[in-house]
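S.K.: Counting in my numbering, the sequence shown runs from 13 upward without gaps. Would you mind keeping the following structure in view while I ask a few things?
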Amino acid sequence: KDIAEIKAMTNPPEPVRLVLTAVCIMKGIGAVRVQDKDTGRKVDDYWPNAKKMVSEMGFLQSLKDYDKDNIPPAVINKIKDYTVKDDFQPSRVAKVSKAAYGICCWVRAMETYDRVAKVVAPKREALAAAEAEYATVMAGLKEKQAELQVVLDKLQALNDKLNALETEQTNLKNQVEDCSRKLERAEQLITSLGGEKTRWTAMAEQLGYDYENLTGDVILASGVIAYLGAFTPEFRRDAVTAWSSISQTKQIPGSAQFALEKCLGEPVKIRSWTIAGLPNDAFSIENGIIVDKARRWPLCIDPQ
Numbered sequence: 013k014d015i016a017e018i019k020a021m022t023n024p025p026e027p028v029r030l031v032l033t034a035v036c037i038m039k040g041i042g043a044v045r046v047q048d049k050d051t052g053r054k055v056d057d058y059w060p061n062a063k064k065m066v067s068e069m070g071f072l073q074s075l076k077d078y079d080k081d082n083i084p085p086a087v088i089n090k091i092k093d094y095t096v097k098d099d100f101q102p103s104r105v106a107k108v109s110k111a112a113y114g115i116c117c118w119v120r121a122m123e124t125y126d127r128v129a130k131v132v133a134p135k136r137e138a139l140a141a142a143e144a145e146y147a148t149v150m151a152g153l154k155e156k157q158a159e160l161q162v163v164l165d166k167l168q169a170l171n172d173k174l175n176a177l178e179t180e181q182t183n184l185k186n187q188v189e190d191c192s193r194k195l196e197r198a199e200q201l202i203t204s205l206g207g208e209k210t211r212w213t214a215m216a217e218q219l220g221y222d223y224e225n226l227t228g229d230v231i232l233a234s235g236v237i238a239y240l241g242a243f244t245p246e247f248r249r250d251a252v253t254a255w256s257s258i259s260q261t262k263q264i265p266g267s268a269q270f271a272l273e274k275c276l277g278e279p280v281k282i283r284s285w286t287i288a289g290l291p292n293d294a295f296s297i298e299n300g301i302i303v304d305k306a307r308r309w310p311l312c313i314d315p316q
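Below you can see the structure in the form of structure tokens.
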């Protein structure tokens with residue numbers, strides 16, 4: 013709002029004109045040559061370009077981002093000619109425009125910063141030289157510390173290797189003793205379970221047969237669960253027979269006599285169902301498996 017007031021001025025008060033002229037000088041914005049009404053001679057007038065400057069969207073941000081560390085000496089010398097004027101004093105500027113007052117303070121702050129920076133610059137250079145010397149000394153120290161650390165790391169590595177070898181030796185001794193005990197128990201177990209070989213061989217053959225037919229059996233089981241839950245035992249049997257025939261035609265391995273209970277049934281779970289009151293017939297057990305394995309919510313109808 014305050015900036016808008018400045019933009020609306022056609023014949024600004026002298027304090028406002030001086031402040032905006034100083035900003036134009038600092039930003040490198042040139043003046044317009046106009047004819048002086050009193051003398052008739054051509055003079056520099058910054059006001060037309062100053063109005064354009066304050067009309068820019070990023071005007072205030074440009075003041076915040078101003079490179080205060082690299083102000084040309086010629087610019088500072090010109091600004092000093094303005095800051096000493098009575099109409100450039102903040103108290104007088106504030107009486108005619110709040111926005112111009114803030115900009116006036118900014119110009120003075122930039123001039124003060126430049127003046128102080130020139131005093132501080134030699135001290136900064138001395139500090140930089142001292143810091144460079146300190147950095148050189150510290151670099152030498154770090155180099156020696158690094159060499160020392162290399163030696164310490166080698167020593168630590170040797171100690172770690174020694175500890176690891178001692179630990180490995182202990183572990184190997186323990187493993188030898190453990191293997192001896194396991195071998196002794198295994199010999200005893202083999203002796204006592206020699207009669208189980210026949211049963212295990214038959215079981216292994218059956219598992220191999222089931223594994224070979226797993227693909228077709230799972231396909232049929234998926235079909236039963238997905239589509240046959242609502243049908244009678246006879247319809248299920250006919251559908252499974254038809255599907256099994258198609259699987260054989262497609263050369264998909266599967267059991268010759270497919271049974272859902274054999275494929276997906278869990279004896280312990282089925283036993284718990286029958287204890288809870290589920291009839292022990294194949295149809296009821298199939299229904300239980302379908303309800304247990306289906307992903308969709310089952311619709312259960314009590315026929316009684």
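Using N, Cα and C, we set each Cβ at its ideal position, and we do this for glycine too. Here the structure is a predicted model, which means the values were calculated and not measured.
With a threshold of 8 Å on Cβ separation, who are the neighbours of residue 264 within its own chain once the five nearest residues in sequence on each side are excluded?
M.R.: Once the five neighbours on either side are set aside, the close Cβ partners of residue 264 are 227, 228 and 231.
S.K.: Note down the Cα distance separating residue 164 from residue 158, rounded to an integer number of angstroms.
M.R.: 10 Å
S.K.: Strictly by DSSP, which residues pair up with residue 47?
M.R.: 54
S.K.: Closest by CA to residue 111, which one among 308, 28 and 225?
M.R.: 28
S.K.: Expressed to the nearest angstrom, what Euclidean distance is found between the alpha-carbon atoms of residue 203 and residue 177?
M.R.: Residue 203 and residue 177: Cα-Cα distance of roughly 38 Å.
S.K.: Can you give me the C-alpha to C-alpha distance between residue 168 and residue 182, rounded to a whole angstrom?
M.R.: 21 Å
S.K.: Do the region 40-48 and the region 57-66 touch if we need at least three Cβ pairs shorter than 8 Å?
M.R.: yes
S.K.: Taking only three categories from DSSP, how would you classify residue 41?
M.R.: coil
S.K.: Comparing the C-beta of residue 272 with each C-beta of chain B, is any distance below 9 Å?
M.R.: The displayed structure is made up of one protein chain only, and chain B is not part of it.
S.K.: Run the CB neighbour count on residue 148, radius 10 Å, all protein chains shown included, and call it buried at 16 or more, exposed below.
M.R.: Classification for residue 148: exposed.
S.K.: Quick test of the definition: if touching needs 3 or more C-beta pairs under 8 Å, does the region 18-28 touch the region 98-110?
M.R.: Result yes; three or more Cβ-Cβ pairs closer than 8 Å.
S.K.: What does the alpha-carbon distance come out to for the pair residue 234 and residue 312?
M.R.: 19 Å
S.K.: Quick one: Cα of residue 93 to Cα of residue 79, how far?
M.R.: 21 Å
S.K.: With DSSP collapsed to three states, give me the class of residue 74.
M.R.: helix
S.K.: Taking a contact to mean a Cβ-Cβ separation below 9 Å, would you say residue 324 touches residue 117 in this structure?
M.R.: This structure leaves residue 324 out entirely; the chain is present only between 13 and 316.
S.K.: Secondary structure at residue 270, three-state DSSP: helix, strand or coil?
M.R.: coil
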